[in-house]
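If you're matching them up, the sequences are chains Z and P in order. Here my numbering is used: position 251 in the first sequence is 251, and no number is missing along the way. To convert, take the position in the second sequence, counting from 1, and add 1000; that gives my numbering. What follows is a single structure, written as structure tokens, with notes after it.
Number of protein chains: 2
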Amino acid sequence: MADDVPLPKQKATTRRDVARHAGVSVAVVSYTLNGKAPVAPATAERVRRAIQELGYIPNRAAVALKSGSTKALALVAPKASDPVFTNPFFAEFANEVESAAQRRGYALYTTSAAQDGADGVVERIQEFAARQVDGVLLLPGAKPIQPAVLDQLGIPWLELNTIHPQAGAGSVGVDLFSGAREATAHLIEHGYPTVAFVGELPPEEPRRLGWAQACREAGLRTDHVLQYPMTHQGGYQAGLELARQGRPRAIFVASDRMAVGVLRALHENAVKVPDEVAFVSFDGSWEGAYAWPSISSIRQPIELMAERSVARLVAPPPHTPVHESFHGTLILRDSCGPHPDSRTDPRTGP
Amino acid sequence: MADDVPLPKQKATTRRDVARHAGVSVAVVSYTLNGKAPVAPATAERVRRAIQELGYIPNRAAVALKSGSTKALALVAPKASDPVFTNPFFAEFANEVESAAQRRGYALYTTSAAQDGADGVVERIQEFAARQVDGVLLLPGAKPIQPAVLDQLGIPWLELNTIHPQAGAGSVGVDLFSGAREATAHLIEHGYPTVAFVGELPPEEPRRLGWAQACREAGLRTDHVLQYPMTHQGGYQAGLELARQGRPRAIFVASDRMAVGVLRALHENAVKVPDEVAFVSFDGSWEGAYAWPSISSIRQPIELMAERSVARLVAPPPHTPVHESFHGTLILRDSCGPHPDSRTDPRTGP
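Here it is in structure tokens:
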């Protein structure tokens, strides 16, 4: 079976042969290849010529295994219309995952699926498996992938930032329902009589449910939803609609990314935030901290989620395929209106 | 020599053995492993049990080689205090590089060096070489790495976003000097009598040189430099200094990232942009497009640089180790002051 043949074998040529041919020690050949000690340019040139003439292929995998530096995890993002890592929230998340991996001596390789859907993700995981990566973290795409499909690939995996946990899938995610409910309840505490929802999310999405729950609890209407894409541009369009029409006094915006776009449209139309429209959004990334006015937001515990994800992925098997939910924190800044402790200096960070 | 031993060899167990043990066809074992066709859950379970009992290790590299899906490039970022991909400019750049790679059928794996300096980068390249990646793109760190050190690693490489091209290094980068000169000259055309420089960059850095050149050509002073870190927070500190003291009428800010921080500090101190301080910055990322007021900036031709970098890296050798310089474009928005064509709708994008 072709599947079972070992990797292409080294030809008889060894590092010792190269050393003899170039008239140098074996150590000098090693230094020339691994850069760990300086080698005189003329000597290095002689070594490289010997390598070429003898057709020597250094067994780098063996070198890497020896140096103990082969431990690696992969982070696979979905193929999406809006590139996932140009969203500061995901860039920060990936960065924290990388830090958590490096603290344990693992490199993190990040990549996007080449195509939409399960096929693209499966292809990437197979490539990582072929490259002997120890485990894969997945950011979910628009369509869920069956855990069984991933389990069959023979490489440990865990889903990050999960909105709808699946049975049989190991995953982590923030409690979107509680976060949205808290954000909305906070706006209601300010005394705003209407809180609309901004974001292209279906009624069963937990942020929609949390917002509706808080509104219902306070006797507020739950039918004012501005359905726009979850991007800067989508937020900008929502902001233009808010500027035009009989607007709600307050809004809950489903992501910081959208909130930045909303703010821009309101500025252009001289609608004052928070005096005419107050809002709280979701994610707590730096975007909201440097916006003007700064954006109150539910901060996702990114560091904690990243740390926990990596810890679970690299733990010895068996892995229990459960969903772990984390609580966000309401960061009070300026967009929700004056409040005893609502002023945060951006120097303290998001 | 340990360096020359082949990879740990497969034991005698083959896919055929697994099929026999599980009472299925070899194809079903393959489908269970590669997910390319559905396998009944009970059957898949039987196959997995057989795999476990026999200690079969699929030769995934061979699978991947067979499926022709092993083409890959790597992007290595330096270990920096400010994580590089949380900067929207670098996130956009990495995304464009990934698109350029995928158009040619290559995956892109992105990672950061585990430690600062050449050692960390060399280690990552060696790991990628061990994983049979076809080429490496490098984002330069604080300290330059000798091209000879990288050449010795035996894997094609190219440096992205290069500020100081080195002899013997293949690299691409934007013409920072011309961009800064054009941005500064534009501010001077507005009639502003002083244009200060904002950014922690040494006098020989091309943006500093370009700014100074434009000032000199117009007979303006070139000694007003606000040295703050090239981050949001650095920009914020520079903005606080500008708000406090006898301020220049205009500033050239070395990056959009800083400009967003400057803007925030000026807002807090009720200093009007562009009426009291006008500015142009560098990069042209989305940050500036959604800021209030929107930020005039030199847009780097990210797509073109990404396309060209990948094209050079995957071209058949020999690779000519030259630096290729690209011209930025002045995007006129609101921060530089009223101007016939200075209004850009954010819908048209950055």
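Where a beta carbon is used, it is the ideal one built from N, C-alpha and C, also for glycine. As the structure is a computational prediction, the values presented were derived from the model and not from experiment.
Proximity to residue i [Cα-Cα], best of the options
i	options	result
residue 1084 (chain P)	P:1318, P:1279, P:1181 and P:1232	P:1232
residue 1142 (chain P)	P:1327, P:1115 and P:1305	P:1115
residue 274 (chain Z)	Z:300, Z:289, Z:327 and Z:190	Z:190
residue 1181 (chain P)	P:1171, P:1297, P:1244 and P:1147	P:1297
residue 47 (chain Z)	P:1051, P:1126, P:1154 and P:1054	P:1154
residue 151 (chain Z)	Z:165, Z:126 and Z:23	Z:126
residue 217 (chain Z)	Z:188, Z:196 and Z:104	Z:188
residue 1186 (chain P)	P:1015, P:1032 and P:1335	P:1335
residue 1293 (chain P)	P:1214, P:1256, P:1165 and P:1211	P:1256
residue 1279 (chain P)	P:1089, P:1145, P:1101 and P:1198	P:1198
residue 1267 (chain P)	P:1074, P:1320, P:1240 and P:1330	P:1240
residue 1307 (chain P)	P:1111, P:1318, P:1195 and P:1095	P:1095
residue 1051 (chain P)	P:1016, P:1071 and P:1076	P:1016
residue 1090 (chain P)	P:1112, P:1073, P:1072 and P:1253	P:1112
residue 120 (chain Z)	P:1119, P:1124, P:1107 and P:1318	P:1107
residue 175 (chain Z)	Z:206, Z:169 and Z:225	Z:206
residue 226 (chain Z)	Z:219, Z:236 and Z:163	Z:236
residue 1200 (chain P)	P:1184, P:1222, P:1147 and P:1254	P:1254
residue 290 (chain Z)	Z:333, Z:319 and Z:316	Z:333
residue 80 (chain Z)	P:1196, P:1098, P:1160 and P:1077	P:1098
Residue i - containing alpha helix (DSSP H), residue span
i	result
residue 1053 (chain P)	1041-1054
residue 1085 (chain P)	From DSSP, residue 1085 (chain P) is part of no alpha helix (DSSP H); its letter is neither H nor E.
residue 1323 (chain P)	Per DSSP, residue 1323 (chain P) belongs to no alpha helix (DSSP H); it is in the beta strand (DSSP E), 1323-1326.
residue 178 (chain Z)	176-189
residue 192 (chain Z)	Taken as a continuous stretch (DSSP letters only), residue 192 (chain Z) belongs to no alpha helix (DSSP H), as it is neither H nor E.
residue 336 (chain Z)	Careful: residue 336 (chain Z) lies outside any alpha helix (DSSP H) and carries neither H nor E.
residue 126 (chain Z)	117-130
residue 1147 (chain P)	1147-1151
residue 220 (chain Z)	No alpha helix (DSSP H) contains residue 220 (chain Z), which DSSP labels as neither H nor E.
residue 261 (chain Z)	256-268
residue 1016 (chain P)	1015-1022
Delimiting residues of the beta strand (DSSP E) encompassing residue i
i	result
residue 1299 (chain P)	1296-1299
residue 281 (chain Z)	278-283
residue 250 (chain Z)	250-253
Per DSSP, the bridge partner or partners of residue i
i	result
residue 331 (chain Z)	Z:297
residue 420 (chain Z)	There is simply no residue 420 (chain Z) to check, as chain Z begins at 1 and stops at 350 in what is shown.
residue 1225 (chain P)	P:1197
residue 1173 (chain P)	P:1325
Backbone secondary structure at residue i - three-state DSSP
i	result
residue 1110 (chain P)	strand
residue 1232 (chain P)	helix
residue 315 (chain Z)	coil
residue 1201 (chain P)	coil
residue 302 (chain Z)	helix
residue 1309 (chain P)	helix
residue 30 (chain Z)	helix
residue 1099 (chain P)	helix
residue 274 (chain Z)	coil
residue 61 (chain Z)	Because the pLDDT of residue 61 (chain Z) is 44, which lies under 50, any placement of that residue in the model is unreliable, and the number read from its coordinates should be weighed accordingly. Helix, per DSSP.
residue 1292 (chain P)	coil
residue 237 (chain Z)	helix
residue 144 (chain Z)	coil
residue 1067 (chain P)	Note that residue 1067 (chain P) scores 48 on pLDDT, short of 50, meaning its location in the model is unreliable; the coordinates nonetheless yield the value given after this. Three-state DSSP puts residue 1067 (chain P) in a helix.
residue 1213 (chain P)	helix
residue 1206 (chain P)	helix
residue 104 (chain Z)	coil
residue 1167 (chain P)	coil
residue 247 (chain Z)	coil
C-beta neighbour in chain C for residue i, strict 8 Å
i	result
residue 206 (chain Z)	Looking for chain C here will not work: the only protein chains present are Z and P.
Cβ distance (whole Å) where residue i is taken to contact residue j below 8 Å
i	j	result
residue 179 (chain Z)	residue 282 (chain Z)	6 Å
residue 177 (chain Z)	residue 138 (chain Z)	So it is not a contact: roughly 22 Å between Cβ atoms.
residue 1131 (chain P)	residue 131 (chain Z)	4 Å
residue 260 (chain Z)	residue 104 (chain Z)	Incorrect: roughly 34 Å between the Cβ atoms, too far for contact.
residue 271 (chain Z)	residue 242 (chain Z)	7 Å
residue 1321 (chain P)	residue 1168 (chain P)	5 Å
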